[in-house]
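Chains as they are written, first to last, in our numbering: chain A, 307 to 522; chain B, 307 to 522. C-beta atoms are modelled at their ideal positions from N, C-alpha and C, and glycine is treated no differently. The structure presented is a predicted model; accordingly, all values stated were derived computationally and were not measured. For reference, the structure discussed in these notes is given below.
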DNA sequence: GTCTATAACCGGATAGAC
DNA sequence: GTCTATCCGGTTATAGAC
């Protein structure tokens, strides 16, 4: 609207910075509120308050609640995919899988609310990100399961179903984020300490790798 | 109100039957609607329509939406606990654990919406069933992890952390219910067939049992 | 870009007839 | 026990001043 030719570059860039900062603040707040109350339960007002901005500003940056929600989910999905390098960069099954499991565990610890929002979206049948799911996840999955198949052919690991293996890894690592409350109840009411969490990562690696015929 | 002393027993029992039937219908419908839209997203109207009764009748049997929700959750939790016998009734680790895993997989297949409602409740931090969670789950868990510890002491299985083992079993088996949509996307868009599901159960048993040092 | 005020809508719960 | 009509509170989204 006010983009006149005379606007100094300085101003435009600083405005851009404000915009990015605010959007980030709002998205972080939204991730938490969506995780705690679900899509419908989250109110733009609660998100705004958490982000420390007036409600109208949320709608200024994200026209609708659904838009904001979609942005949060896509951001989480990108974050998920960033766990792949440890898996991709090694041809040794133990190193690749252990690295991947640890990366996923670290993510679950680092950003549990992202995991929770993702989980609830899938549980509901992915009404909002269904297309995205098809586009991004399918090809990602086929490439990686192929690598497992190759290891099996080479006799490096037991002949297991690669899909089941991935589901087990995803389910277990994300469980530590999504079911953190239940885990806390079963841990004398206290959240897992860093030591306990590191120990859990070790255990998950051990059981899964042993489970497919690898020695540690 | 109309409970006069002259009411024939016949009528009272048949009224009781009507009551139970209607409550059951409503709870089944509610489980599906809660699973698909979350607690806040579920409307009593949608639940009523799905159950084939007027909205006011839902409120007649369940004063508030939260009451209905709590009933559904507790019903699901009882159903969960019914998977324990295979585990309890054998002292052989392979038989006990394999039986438990298969029972949990069957439950995930049989009643996926129950699993989803449960999952979303825990993800949100269990605001509604927190007390229930403490009361029921804690003691259940301690008894069973003790059994695993005993097997370890007897050298029957590898020295793994029993908690991690249970979390892996829960996470993986429930993943087949909660993330069914994602699994479907990665299965050429088709839901798992009975054969595929049976195969998945076999695979989960194999990887986990092998993972803790058992031969099949 | 920020914020107050408000329009338009929707959903939980209930009153009261049958 | 069943059902229609309705009230009331709360939520999304926007209009328009600053």
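Check	Outcome
Whether residue 409 of chain A touches residue 433 of chain A by CB criterion (7 angstroms)	no
Test: residue 310 of chain A CB closer than 7 angstroms to a CB of chain B	Caution applies to residue 310 of chain A, whose pLDDT of 40 falls short of 50 and renders its modelled position unreliable; the value that the coordinates give is listed next. It does not: the Cβ of residue 310 of chain A has no partner Cβ on chain B nearer than 7 angstroms.
Touch test, the segment 443-457 of chain B against the segment 385-400 of chain B, Cβ-Cβ under 8 angstroms, three pairs minimum	yes
Through-space distance from residue 431 of chain B to residue 373 of chain A, alpha-carbon basis	25 angstroms
Length of the line joining the Cα atoms of residue 414 of chain A and residue 426 of chain B	17 angstroms
Reduced DSSP category for residue 412 of chain B - H, G, I as helix; E, B as strand; rest coil	helix
Option in A:350, A:444, A:329, A:348 with minimal Cα separation from residue 469 of chain A	A:444
Chain-ordered residues of the segment 467-479 of chain A with a beta carbon less than 8 angstroms from chain B	467, 469, 470, 471, 473, 474, 476, 477, 478
Exposed unless 16 or more other CB atoms sit within 10 angstroms - verdict on residue 321 of chain A	exposed
Which listed residue (B:342, B:327, B:464) has its alpha carbon closest to that of residue 523 of chain B	This structure cannot speak to residue 523 of chain B, because chain B is shown only from 307 to 522.
Selection from A:447, A:519, A:439, A:348 that minimises the alpha carbon distance to residue 375 of chain A	A:348
Any chain B beta carbon closer than 7 angstroms to residue 365 of chain A	no
Residues within the segment 383-408 of chain B neighbouring chain A, beta-carbon criterion of under 9 angstroms	none
Residue 357 of chain A, buried or exposed, once every other Cβ within 10 Å from all chains shown has been counted against 16	buried
Collapsed DSSP secondary structure at residue 344 of chain A in the structure displayed	helix
Contact set for residue 421 of chain B: own chain, Cβ-Cβ below 6 angstroms, skip 5 residues either direction	414, 480, 483, 484
Coil, strand or helix - residue 364 of chain A by DSSP	helix
Cβ neighbours of residue 462 of chain B in the same chain (closer than 6 angstroms, five flanking residues each side left out)	399
Beta carbon proximity, residue 320 of chain B to chain A, threshold 7 angstroms	no
Beta-carbon proximity check, residue 518 of chain A vs residue 475 of chain A, cutoff 7 angstroms	no
Outcome for residue 500 of chain B when other beta-carbon atoms lying within 10 angstroms are tallied against a minimum of 16	exposed
C-alpha gap between residue 403 of chain A and residue 352 of chain B, whole angstroms	45 angstroms
Short CB-CB distance (under 7 angstroms) between residue 370 of chain A and chain B	no
Residues that residue 346 of chain B contacts on chain A, provided the C-beta gap is smaller than 8 angstroms	343, 344, 346, 347
For residue 477 of chain B, the first and last residue of its enclosing alpha helix (DSSP H)	468-484
Chain B within 7 angstroms of residue 434 of chain A, Cβ atoms only	no
Where residue 493 of chain A falls: helix, strand or coil (DSSP)	coil
Run of the alpha helix (DSSP H) containing residue 356 of chain A, from where it starts to where it stops	350-357
Proximal residues of chain B, C-beta to C-beta of residue 430 of chain A below 9 angstroms	341, 342, 343, 344, 347, 422, 426, 487
Candidates A:508, A:453, A:333: closest to residue 365 of chain A by CA position	A:333
Length-filtered (4 minimum) alpha helix (DSSP H) runs lying within the segment 376-440 of chain B	391-394, 399-416, 418-429
Burial state of residue 307 of chain A, where buried means 16 or more other Cβ atoms lie within 10 Å	Caution is warranted here: a pLDDT of 39 is assigned to residue 307 of chain A, below 50, making its placement in the model unreliable, and the coordinate value is therefore given only provisionally. So residue 307 of chain A counts as exposed.
C-beta contact flag for residue 424 of chain A and residue 382 of chain A at 7 angstroms	yes
Of the residues A:511, A:436, A:411, A:360, the one placed nearest residue 379 of chain A, counting alpha carbons only	A:436
Simplified DSSP assignment, three categories, for residue 519 of chain B	coil
Burial state of residue 337 of chain A (16 or more Cβ within 10 Å)	buried
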